[in-house]
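Enquirer:
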DNA sequence: AAGATAGTCGTTTTT
DNA sequence: CGACTATCTT
């Protein structure tokens with residue numbers, strides 16, 4: 064019994080959670096408490112000991128990454144891939160249901176998924192059509208409104224406007240937007256969920272089928288569920304179905320996008336009693352880090368209540384640094400990273416976390432100057448990049464001519480003399496005919512409804528799509544994509560442009576072909592183009608070379624959720640930054656900021672650094688915000704405050720400032736003239752270290768020794784071979800340019 | 001039909 | 001301040 068691989072490795076709480084027979088189980092899983100393990104083991108236990116079949120189980124997550132991990136771990140533990148088990152994201156599962164029951168859901172068989180970019184375009188068009196002033200109703204806000212309503216399960220007819228013109232207009236826009244979607248057979252992300260919820264309500268026999276199939280529903284990150292998601296789950300589980308929900312109210316950080324922390328807070332009451340298991344033993348962090356996390360989060364009201372503990376070591380104290388300004392703060396961080404690397408830490412073991420993306424800039428510059436390779440999370444994902452979306456829109460048109468969003472996007476890309484007025488004409492005609500733009504375009508071409516130039520251009524475009532569709536009919540997906548990328552003219556378009564950007568676009572298009580081929584290989588039996596397009600829409604593609612490159616990780620606190628790093632720098636801890644200015648005066652929002660801080664602290668395994676800048680340049684103005692209240696909430700006994708006096712004098716130049724910092728906290732301003740940002744060399748923002756590494760005789764950041772100049776760090780390499788110029792920052796004499804063949808450098 | 005330029009705005013992100 | 005957009009200009 065003790066050798067049972069399923070249960071023997073679990074602690075008591077985990078064991079209880081895995082083997083509970085309660086029809087409603089709430090697992091309150093603290094950070095680093097083994098929640099995925101519990102989910103995975105519970106699923107396997109249900110199959111083995113409660114004789115469920117894989118098809119009786121539905122496991123829901125938020126991200127594709129989490130779903131993939133769970134699926135894989137279940138497979139490993141069961142030794143067979145759990146084929147019939149549904150493991151996926153809310154959206155993925157909703158999508159699957161809608162594909163299977165499209166008719167009952169009131170959708171066309173070939174409906175397309177609209178990503179937020181497409182959605183915004185459709186909304187802009189709707190605004191134009193209704194002649195709505197886009198300064199009073201900014202498209203982004205309209206989008207937010209629509210998605211919000213959908214997340215709350217509301218259709219336009221459910222919303223009251225109480226005679227308010229603004230609200231009335233929003234509802235109008237929602238309605239017309241929805242009509243546009245219907246006309247083009249388009250379904251946005253929120254619609255996937257709302258539709259499948261409506262499917263449950265509208266078709267009891269379908270609901271009954273799934274209720275009897277899914278005897279057990281398990282949900283991960285339950286604190287992030289919104290209203291529709293929760294309603295959908297509740298209806299599906301019904302009276303009979305078992306529910307296991309796993310989550311942590313203290314890690315609810317997505318309230319601003321519709322997540323309802325109440326879902327987890329009131330779950331027990333809501334379902335008429337649930338067994339609650341708390342996973343409080345933490346396997347990730349030192350007790351010092353946990354004590355800090357507990358101290359912060361305990362200030363929040365209305366918690367379900369949980370306190371992390373560990374059997375592990377106390378570890379090092381937390382280091383707190385008060386930067387003189389944001390540049391100084393960044394320099395401190397890059398310097399400490401440098402030492403950590405010297406002490407044998409891997410770059411990928413180190414993360415810098417911040418509240419908002421704008422903060423990454425200074426950090427990047429400091430890392431670049433210190434020649435430390437880094438990687439920034441965020442920005443556009445693979446399938447969202449403009450060139451990829453253009454290619455995808457051509458593919459979309461191939462399988463669905465009526466996809467207006469796709470039509471509009473590429474009808475004049477590459478430019479083929481179809482100006483705004485021609486497109487407007489097509490749009491109007493479509494509107495009048497109550498048909499898609501494709502139909503309208505056909506009509507216009509057949510009836511000579513356009514000026515000669517536009518007429519020819521449009522005819523050519525329509526012909527191109529038809530030809531491509533026919534000629535690639537029997538080809539593999541990969542070949543099809545390759546041909547579309549070529550013949551659409553997209554490849555030539557980017558080839559004619561110059562610069563790194565265009566080069567990257569060409570490479571991305573090539574990578575798209577690779578991605579399609581990969582999809583073909585991995586997918587079950589001969590996937591169709593439509594399958595791939597769904598995949599592209601639903602998985603915007605992590606395609607960011609994963610942890611292949613060993614680099615310091617920079618990301619927002621939100622993106623860091625779920626991850627862990629041996630060394631964490633949590634920076635920008637100032638009032639107004641973190642907690643953000645917009646949140647600090649509203650209790651609920653402040654509480655969410657505090658949870659975000661809790662999330663940040665609990666990412667650290669061994670060593671945590673906290674830092675802030677006494678003065679920060681923000682929007683072109685110097686601000687003195689003062690240290691974040693979150694710092695004060697951590698017991699001082701857990702922290703060491705670094706106060707390095709500016710003692711080292713160095714030659715005045717624009718070189719890296721080495722080990723001298725501006726004054727510590729309490730020191731007046733202006734005392735550290737050496738750290739003024741004006742002396743900072745301007746570094747090209749887009750230049751990433753990884754690209755510079757190619758063919759360089761030395762790795763950037765490589766430590767080298769020179770007979771005369773002593774030890775230094777390689778900053779840059781120009782050229783290769785014996786005449787290559789090596790740019791080195793020497794500890795003693797500052798920056799030097801040396802020629803490879805004479806330098807006689809020794810690697811250290 | 002692309003390029004300059006004025007104007008705006010300024011958390012957090014997944015699907 | 002600087003990134004992004006919308007509008008104007010050539």
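Residue numbers (our numbering): 64 to 811. Note that beta-carbon positions come from the ideal geometry of N, C-alpha and C, so glycine has one too. Small disclaimer: the values here were computed from a predicted structure and weren't measured.
With a 10 Å radius around its C-beta and 16 neighbouring C-beta atoms as the bar for buried, classify residue 689 as buried or exposed.
Expert: For the purposes of this step, residue 689 is taken as residue 626 along the first chain, with counting starting at 1. Result: exposed.
Enquirer: Can you give the beta carbon distance from residue 450 to residue 256, rounded, assuming they're within the 8 Å contact cut?
Expert: Position 387 of the first chain holds residue 450. Position 193 of the first chain holds residue 256. Their Cβ separation, rounded to whole angstroms, is 30 Å, which puts residue 450 and residue 256 out of contact at 8 Å.
Enquirer: Return the chain-ordered list of same chain residues with a C-beta closer than 8 Å to the C-beta of residue 167, the five sequence neighbours on each side being excluded.
Expert: Along the first chain, read from residue 1 onward, the residue named residue 167 stands at position 104. Only 262, 265, 266 and 269 meet the Cβ criterion.
Enquirer: Which residue spans inside the stretch 254–307 form an unbroken alpha helix (DSSP H) run of at least 4?
Expert: 267–276 and 290–300
Enquirer: Using a Cβ-Cβ cutoff of less than 6 Å, which residues in the same chain neighbour residue 581 once the five nearest sequence positions on both sides are dropped?
Expert: As a working mapping, residue 581 is identified with position 518 in the first chain. Excluding positions up to five away in sequence, the list is empty.
Enquirer: In the DSSP assignment, find the unbroken beta strand (DSSP E) run with residue 200 in it and report its ends.
Expert: For this step, residue 200 is matched to residue 137 along the first chain. Segment: none, residue 200 is in no beta strand (DSSP E) and carries neither H nor E.
Enquirer: Based on Cα-Cα distance, which residue from 429, 632, 95 and 78 lies nearest to residue 353?
Expert: For the purposes of this step, residue 353 is taken as residue 290 along the first chain, with counting starting at 1. Ranking the options by Cα distance to residue 353, first place goes to 95.
Enquirer: List the endpoints of the continuous beta strand (DSSP E) containing residue 686.
Expert: Taking the first chain and counting its residues from 1, the one referred to as residue 686 is at position 623. First-last of the beta strand (DSSP E) with residue 686: 684–686.
Enquirer: Apart from the five residues on each side of it in sequence, which residues of its chain come closer than 6 Å, Cβ to Cβ, to residue 92?
Expert: To locate residue 92, count along the first chain from 1; it is residue 29. Once the five neighbours on either side are set aside, the close Cβ partners of residue 92 are 98, 309, 311 and 342.
Enquirer: Using only the alpha-carbon positions, how far apart do residue 631 and residue 224 sit?
Expert: Reading the first chain from its first residue, position 568 is the one you call residue 631. Reading the first chain from its first residue, position 161 is the one you call residue 224. Cα to Cα, the separation comes out at about 48 Å.
Enquirer: Could you please give the first and the last residue of the uninterrupted beta strand (DSSP E) stretch that includes residue 175?
Expert: The residue labelled residue 175 in the question sits at position 112 within the first chain. Looking at the DSSP string, the run of the beta strand (DSSP E) that includes residue 175 is 175–177.
Enquirer: With 16 other CB atoms within 10 Å as the buried threshold, where does residue 72 fall?
Expert: Within the first chain, numbered from 1, the residue matching residue 72 stands at position 9. When all chains shown are included, residue 72 counts as exposed.
Enquirer: Counting only the same chain and skipping the five closest in sequence on each side, list residues whose C-beta sits under 6 Å from that of residue 698.
Expert: Taking the first chain and counting its residues from 1, one reaches residue 698 at position 635. The answer, listed in chain order, is 358.
Enquirer: Measuring CA to CA, which of 371, 362, 430 and 516 is closest to residue 391?
Expert: Position 328 of the first chain, counted from the start, is the residue given in the question as residue 391. With distances taken between Cα atoms, residue 391 lies closest to 430.
Enquirer: Quick check on the burial criterion: 16 or more other C-beta atoms within 10 angstroms. Buried or exposed for residue 143?
Expert: Residue mapping note: residue 143 aligns to position 80 of the first chain, counting from 1. Under this definition residue 143 is an exposed residue.
Enquirer: Closer than 8 Å is the cut-off here; do at least three beta carbon pairs connect the stretch 229–240 with the stretch 201–216?
Expert: yes
Enquirer: Thinking just about the alpha-carbon of each residue, which of 466, 519, 458 and 460 is nearest to the one in residue 482?
Expert: On the first chain, position 419 is the one that residue 482 refers to. The candidate whose alpha carbon is nearest that of residue 482 is 519.
Enquirer: What does a CB cutoff of less than 7 Å around residue 211 pick up in its chain, not counting 5 residues either side in sequence?
Expert: Translated into the one-based positions of the first chain, residue 211 becomes position 148. 321.
Enquirer: Can you give me the start and stop residues for the beta strand (DSSP E) that residue 415 sits inside?
Expert: Walking along the first chain from the start, residue 415 turns up at place 352. Run containing residue 415: 413–417, per the beta strand (DSSP E) assignment.
Enquirer: Do residue 287 and residue 125 have their beta-carbon atoms positioned less than 8 Å apart in this structure?
Expert: Indexing the first chain from 1 puts residue 125 at position 62. Indexing the first chain from 1 puts residue 287 at position 224. Yes; because the gap between Cβ atoms is below 8 Å, this pair is in contact.
Enquirer: Does the ligand PLP have a heavy atom nearer than 7 Å to the CB of residue 650?
Expert: Looking for the ligand PLP in the displayed structure turns up nothing, as the structure carries no ligands at all.
Enquirer: Residue 650 lies in the beta strand (DSSP E); which residues open and close that run?
Expert: Numbered from 1 along the first chain, position 587 holds the residue referred to as residue 650. Looking at the DSSP string, residue 650 is not in any beta strand (DSSP E); the run it does join, the alpha helix (DSSP H), is 650–664.
Enquirer: Which word fits residue 650, buried or exposed, when buried means at least 16 other C-beta atoms lie within 10 angstroms of its C-beta?
Expert: Taking the first residue of the first chain as position 1, residue 650 is located at position 587. Residue 650 is exposed by the Cβ-count criterion.
Enquirer: Could you give the distance in angstroms between the alpha-carbon of residue 83 and the alpha-carbon of residue 363?
Expert: The residue labelled residue 83 in the question sits at position 20 within the first chain. The residue labelled residue 363 in the question sits at position 300 within the first chain. Approximately 30 Å between the Cα atoms of the pair.
Enquirer: Quick one: what's got a C-beta closer than 6 Å to residue 238's C-beta in the same chain, skipping five residues either side?
Expert: For this step, residue 238 is matched to residue 175 along the first chain. Same-chain partners within the cutoff: 219.
Enquirer: So, does the stretch 240–253 touch the stretch 277–287, judging by three or more C-beta pairs under 8 Å?
Expert: With the cut-off at 8 Å, the stretch 240–253 and the stretch 277–287 do not touch.
Enquirer: Secondary structure at residue 382, three-state DSSP: helix, strand or coil?
Expert: Here residue 382 refers to the residue found at position 319 of the first chain. Residue 382 falls in the strand class under three-state DSSP.
Enquirer: Bridge partners for residue 493 per DSSP, in chain order?
Expert: Your numbering for residue 493 matches position 430 in the first chain. The partner list for residue 493 (beta bridge, DSSP) is empty, contrary to what the question assumes.
Enquirer: Are residue 679 and residue 637 touching if we call contact CB-CB under 8 Å?
Expert: Stepping through the first chain from its first residue, residue 679 is reached at position 616. Stepping through the first chain from its first residue, residue 637 is reached at position 574. Contact: yes.
Enquirer: Around the C-beta of residue 422, are 16 or more other C-beta atoms found within 10 angstroms, so that it is buried, or is it exposed?
Expert: One-based indexing of the first chain puts residue 422 at position 359. So residue 422 ends up on the buried side.
Enquirer: By Cβ distance below 8 Å, which residues in the same chain neighbour residue 63 in space, the five residues on each side in sequence not counted?
Expert: This structure cannot settle anything about residue 63, because the visible part of the chain is limited to 64 through 811.
Enquirer: Just mark residue 295 as buried or exposed, buried being the case when its beta carbon has 16 or more other beta carbons within 10 Å.
Expert: Locating residue 295 in the first chain gives position 232, counting from the first residue. With 16 or more other Cβ atoms within 10 Å, it is buried.
Enquirer: Answer yes or no: do residue 216 and residue 291 have a C-beta to C-beta separation smaller than 8 Å?
Expert: Locating residue 216 in the first chain gives position 153, where the first residue counts as 1. Locating residue 291 in the first chain gives position 228, where the first residue counts as 1. Yes, these two residues count as a Cβ contact at 8 Å.
Enquirer: How is residue 667 classed by DSSP in three states: helix, strand or coil?
Expert: In the first chain, residue 667 corresponds to position 604, counting from 1. In this structure, residue 667 counts as strand in the three-state DSSP scheme.
Enquirer: Do you know offhand how far residue 808's Cα is from residue 767's?
Expert: Numbered from its first residue, the first chain carries residue 808 at position 745. Numbered from its first residue, the first chain carries residue 767 at position 704. Approximately 6 Å between the Cα atoms of the pair.
Enquirer: Kindly indicate the opening and closing residues of the alpha helix (DSSP H) around residue 356.
Expert: On the first chain, residue 356 is found 293 positions in, with the first residue counted as 1. Run containing residue 356: 350–360, per the alpha helix (DSSP H) assignment.
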